[in-house]
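The next block holds one structure in the form of structure tokens; read it before the comments.
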Amino acid sequence: MTQTTICLIIFAVTIALYLSNKFPLALTALTSMFLLVVTGCLKPEDALSGFSNTTTILTGSMFVVAAGLSRTQMIHKISNLVYKVSGGSFTKGLLGYCLVTVLVAQVVPSAVLIFTICYPLAADFCRKMNVSPSKAMFSIGLLSIIWVGAAPIGAGATAYIQYNTIMETYGAVGYQMHMFDQFIARLPYSIVLLVYAIFVAPKMAPDKQAGAKEIKGGTAAPVKPPLSPIREVIGYLDFLVVFILILFAGKLGIPTWQICFAGALIIPLTGVLNERETLQAMNMSPLLLFIGALAMGNALVGTGAGNLVAGLVTRVLGEHPSGYMVGLAFFLLTFLMSQVMSNMAVFSAAQPIVILTCVSYGYNPIGPLLLCFMGAWTAYLTPMATIAVPVMMDAGGYDQRDLFKMGWLPALISVAVAVPWTMFMFPV
């Protein structure tokens, strides 16, 4: 059996395990990396290089920097302000809490964490307005999923570097994603869905006065004691300085990973986060998943197995498909699959296929790759899509029929807006 065949078998089993979600994604990724090494498909030094990859370091560092900001009282102060300025209007209040959710989504790298932070605030507002929380929970959940990491802030500020590393690993050389590219691609449909969440979703949502979960005192998101005034300021300044330095890193001649790493060190050194909170903020699962993806990419390219995978996809799409057709195909693929399995697993499985297919056509993979992500994150029609959905269903008292009723229109909007816009801005 040739190494190409062995690599293809490991790749296929890895994809299947990603999609089955029977094991943690990071565990699957590292196991496949180990098997690639012991079978000779990957050199040990290439496998271990992911742990010292600068993208791995800066991504984990930005998780900590963003967690430092979320530890401050910024969100709490903004929420109180929203309630005061709503003036007794449910729509104005929902608009404010939706904007708070969008803001939180830029500094917290997990949809379910975003939702658990924001929904007690919105639910309490609903009760003060004598409105069922079921009228607002889908709006908060939808935005928690769609807007996570959209802006180049927090982890979103370095996402483009991760994309570039993956593209280079899979042989897509000569293409560079830039800091604001993901934001540009995601902004139109994210704004349209923000408008939907504020003005349309409450009308589509059921009125379940008895069904919505009671939240007393915001117990869904444990309240931590405020930081001292000095640490509060450090949390703000650290995030702001890191963000500004990232923007001007090229002109300053400072490697981006060093900026992020230094910012991450300041957070525990000054006590903004304690040791346990810092380790939790590093969010090791996606980092290990990324390391495993790098190893798989090196093996697919090195053994030639990647060319065979891309060949299978090109047979389905045809000899010279338009860029719009390629982008639409991968958006729909990840969108449909993410309704019945973990969206992170779907994106991890589809990412190499997207890049390898574009390389085989000689296409720029940036547009299709961004659409692959957006399709996977249009994940709110079933409770299997992402863990944020069942939490949202519990908070709003929703059932499966409610999800379809509230979710079919934003899903259709996502396809109609995201595909043509992204392929126009990032043609192949």
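In terms of this note's numbering, the sequence shown has 389 at position 389, counting the first letter as 1, and numbering is strictly consecutive.
Glycine included, each C-beta is placed from N, C-alpha and C at the ideal position.
A distance below 6 Å between beta-carbons, with the five flanking residues on each side excluded, links Gly93 to the following residues of its chain, in chain order: Ser86 and Phe125. When the alpha-carbon of Ser49 is set against those of Gly297, Thr334 and Cys118, the nearest one is in Gly297. Buried is the label assigned to Leu287, since at least 16 other Cβ atoms lie within 10 Å of its Cβ. Segment contact: the segment 358-375 against the segment 383-399, fewer than three CB-CB distances shorter than 8 Å; contact not assigned. Inclusion of Met33 and Gly292 in the CB contact set at 9 Å is warranted, their separation being smaller than that value. Distance from the Cα of Thr72 is smallest, within the candidate group Ala26, Gly271, Val417 and Leu194, for Gly271. In this chain, the alpha helix (DSSP H) harbouring Lys203 covers Ala201 to Met204. Restricting attention to alpha helix (DSSP H) runs no shorter than 4 residues, the segment 347-426 encloses them at 366-376, 388-396 and 400-425, ordered along the chain. In this structure, the alpha-carbon of Phe335 lies about 12 Å from that of Thr382. In terms of Cα proximity to Gly174, the closest of Asn80, Ile355, Val38 and Val242 is Ile355.
In the three-state DSSP reduction, Tyr170 falls in the coil class, being neither helix nor strand.
Cβ contact annotation for Thr4 (same chain, cutoff 8 Å, sequence separation greater than five): Thr303, Gly304, Ala305 and Leu308, in chain order. A distance below 8 Å between beta-carbons, with the five flanking residues on each side excluded, links Thr256 to the following residues of its chain, in chain order: Thr54, Leu58, Thr158, Ile161, Ile246 and Ala249.
Gly96 carries a helical assignment under DSSP once its states are collapsed to helix, strand and coil. Rounded to the nearest angstrom, the gap between the Cα atoms of Asp181 and Pro229 is 36 Å. Fewer than three beta-carbon pairs drawn from the segment 133-151 and the segment 22-29 are found closer than 8 Å, and the two stretches are therefore not classed as touching.
Here Leu194 has Cys98, Val102 and Leu143 as same chain residues with Cβ atoms under 7 Å from its own Cβ, once five neighbours each way along the sequence are excluded.
Between Gly362 and Phe426, the gap from beta carbon to beta carbon reaches 9 Å or more. Taking the C-beta atoms as reference points, Gly323 is found nearer than 9 Å to Met423. Of the residues Ala349, Lys203 and Leu279, the one whose Cα lies closest to the Cα of Lys405 is Lys203. Per DSSP, the unbroken alpha helix (DSSP H) holding Phe34 starts and ends at Leu25 to Val38. In this structure, the beta-carbon distance from Ala67 to Leu252 does not fall below 9 Å. For Val428, the closest C-alpha among the options Ala379, Leu369 and His178 is that of Leu369.
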